[in-house]
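K.L.:
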Amino acid sequence: MAADAFLLAGREYRSRLIVGTGKYRSFEETRQAVEASGAEIVTVAVRRVNITDPAKENLLDHLPPERWTILPNTAGCFTVEEAVRTCRLAREAGVGTLVKLEVIGDERTLFPDVPATVEAAKVLVKEGFQVMPYVTDDPVACKRLEELGCVAVMPLAAPIGSGLGIRNPWNLQIIVEQSRVPVIVDAGVGTASHAAEALELGCDAVLMNTAIAGAQDPLLMGEAMRLAVEAGRKAYLAGRIPQKLYATASSPLTGLIR
Numbered sequence: 175m176a177a178d179a180f181l182l183a184g185r186e187y188r189s190r191l192i193v194g195t196g197k198y199r200s201f202e203e204t205r206q207a208v209e210a211s212g213a214e215i216v217t218v219a220v221r222r223v224n225i226t227d228p229a230k231e232n233l234l235d236h237l238p239p240e241r242w243t244i245l246p247n248t249a250g251c252f253t254v255e256e257a258v259r260t261c262r263l264a265r266e267a268g269v270g271t272l273v274k275l276e277v278i279g280d281e282r283t284l285f286p287d288v289p290a291t292v293e294a295a296k297v298l299v300k301e302g303f304q305v306m307p308y309v310t311d312d313p314v315a316c317k318r319l320e321e322l323g324c325v326a327v328m329p330l331a332a333p334i335g336s337g338l339g340i341r342n343p344w345n346l347q348i349i350v351e352q353s354r355v356p357v358i359v360d361a362g363v364g365t366a367s368h369a370a371e372a373l374e375l376g377c378d379a380v381l382m383n384t385a386i387a388g389a390q391d392p393l394l395m396g397e398a399m400r401l402a403v404e405a406g407r408k409a410y411l412a413g414r415i416p417q418k419l420y421a422t423a424s425s426p427l428t429g430l431i432r
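My numbering puts the first residue of the sequence shown at 175, with every later residue one more than the last.
1. Taking only heavy atoms of the ligand GTP into account, decide whether any of them is closer than 7 Å to the Cβ of P416.
2. Do E214 and T243 count as a contact pair if the criterion is CB distance below 8 Å?
3. So V403 and L191 are in contact, right, with Cβ under 8 Å, and what is the actual spacing, rounded?
4. Apply the 10 Å Cβ neighbour rule to A407 and answer buried if 16 or more other Cβ atoms are within range, or exposed otherwise.
5. Which residue wins for smallest C-alpha separation from A219, given the options E240, R188, E276?
6. Under a Cβ-count criterion, where at least 16 other Cβ atoms within 10 Å of its own Cβ denotes burial, should K274 be classed as buried or exposed?
7. Starting from T217, trace the beta strand (DSSP E) in both directions and tell me its first and last residue.
8. Is DSSP giving I244 helix, strand or coil here?
9. Apart from the five residues just before and just after A249, which ones in its own chain have a Cβ nearer than 7 Å to its Cβ?
10. Cutting at 8 Å between CB atoms, please list the residues of its own chain near A264, excluding the five before and the five after it.
11. Reducing DSSP to helix, strand and coil, say where L375 ends up.
12. Looking only at its own chain, which residues have a Cβ that is under 6 Å from the Cβ of F252, when we skip the five neighbours before and after it?
13. In angstroms with no decimal places, state the Cα-to-Cα distance between Q390 and K300.
14. For V273, report the span of its beta strand (DSSP E) as first-last.
15. Only counting the same chain, and skipping five residues up and downstream in sequence, which positions put a Cβ closer than 7 Å to that of T325?
16. Grab me the residues of L338's own chain with a C-beta within less than 7 Å of its C-beta, minus the 5 sequence neighbours each way, in chain order.
17. On the DSSP bridge assignment, give the partners of V269 in chain order.
18. From which residue to which residue does the beta strand (DSSP E) around Y308 run?
19. Looking at V380 and V359, is the spacing between their C-beta atoms short of 8 Å?
20. With DSSP run on the structure shown, which of helix, strand or coil describes G194?
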């Protein structure tokens, strides 16, 4: 598995699990859960978690960029202008140009505003950002964002924080088949089996926050998610047996004793 690298924006990663940093009780618990998960990329809501003000407790003191790739995201942005401004703020703070783009279209479901996401992606790609857009599980939207120059596409599994798991595996399979950039399932994962399923479908990685941070034991859940992602990837590479309506004997009939 060491040779099975996950390539994102020109950089190789061993872990195919990306984790968020919100909803934890403290920055210290955040660090411990991230370590337990084995994640090498952590995403941070620039508008909600301090990574820009050195005068206040800073998440980057607990998750230093020298050890983890920090992926700023635009959570809480409802317009193109808000999302673009947030990405620029993260770049000015020295975090980098790799960003997770979210433009929310509905406050209740937190589904993305796809047209606004496309528009923001156009602006950010033109400005030199490496954009990873959160989007619906729509193959057409994902293809459009790839064509615009996004370095990955991030279709949702289910609404953010819902824990429902993958609701439409068939759309995800289409997205995986058509994409030339990494496909990263984002949002809706609730437990380890959901993470494994995403990798079994051929997705390159999975991103989650609430599933770990909201668990009764975040550290143990982080470890469970690490193992699930590894198992799902191995199952995908191994090649599962086809699904059939009727049984097939496990033992061959050849040489049957009569």
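Positions of the beta carbon are idealized from the N, C-alpha and C atoms, including for glycine.
P.N.:
So, from the data block:
1. Ligands in the displayed structure: none, and consequently the ligand GTP is not present.
2. Working through the sequence shown from its first residue, we reach residue 243 at position 69. Working through the sequence shown from its first residue, we reach residue 214 at position 40. Yes, these two residues count as a Cβ contact at 8 Å.
3. Indexing the sequence shown from 1 puts residue 403 at position 229. Indexing the sequence shown from 1 puts residue 191 at position 17. About 5 Å; that satisfies the 8 Å criterion.
4. Within the sequence shown, residue 407 is the residue found at index 233, counting from 1. Here the sequence assigns Arg to residue 407, which means Ala is not the residue at that position. Buried, because 16 or more other Cβ atoms sit within 10 Å of the Cβ of R407.
5. To locate residue 219, count along the sequence shown from 1; it is residue 45. Closest option to A219, Cα to Cα, is E276.
6. Sequence index remark: in the sequence shown, residue 274 carries index 100 (1-based). Result: buried.
7. As a first step, residue 217 must be located in the sequence shown, where it is residue number 43. Looking at the DSSP string, the run of the beta strand (DSSP E) that includes T217 is 215-219.
8. For the purposes of this step, residue 244 is taken as the residue at position 70 of the sequence shown. Three-state DSSP puts I244 in a strand.
9. Position 75 of the sequence shown, counting from 1, holds the residue named residue 249. Short of 7 Å from the beta carbon of A249, and not among the five residues preceding or following it, lie these beta carbons of its own chain, in chain order: A219, R221, R222, E276.
10. Counted from its first residue, the sequence shown places residue 264 at position 90. Same-chain partners within the cutoff: V220, I225, T226, P246, G270, V273.
11. Taking the first residue of the sequence shown as position 1, residue 375 is located at position 201. In the structure shown, L375 falls within a coil segment according to DSSP collapsed to helix, strand and coil.
12. Translated into positions along the sequence shown, residue 252 becomes position 78. In chain order, I278 place their CB closer than 6 Å to the CB of F252, counting only its own chain and leaving out the 5 sequence neighbours on each side.
13. Translated into the one-based positions of the sequence shown, residue 390 becomes position 216. Translated into the one-based positions of the sequence shown, residue 300 becomes position 126. Straight-line Cα distance between these residues: approximately 43 Å.
14. Position 99 of the sequence shown, counting from 1, holds the residue named residue 273. Here the beta strand (DSSP E) through V273 covers 272-275.
15. Translated into the one-based positions of the sequence shown, residue 325 becomes position 151. Correcting the residue type first, residue 325 is Val in the shown sequence and not Thr. L182, A183, Q304, V305, M306, V355.
16. Mapped onto the sequence shown, residue 338 falls at position 164. A332, G362, G364, listed in sequence order.
17. By 1-based counting over the sequence shown, the position of residue 269 is 95. V269 pairs with nothing; no bridge assigned.
18. What you label residue 308 is simply residue 134 of the sequence shown in a count that begins at 1. Start and end: 304-309.
19. Here the question's residue 359 lines up with position 185 in the sequence shown. Here the question's residue 380 lines up with position 206 in the sequence shown. Yes.
20. Position 20 of the sequence shown, counted from the first residue, corresponds to residue 194. Here G194 sits in strand by DSSP.
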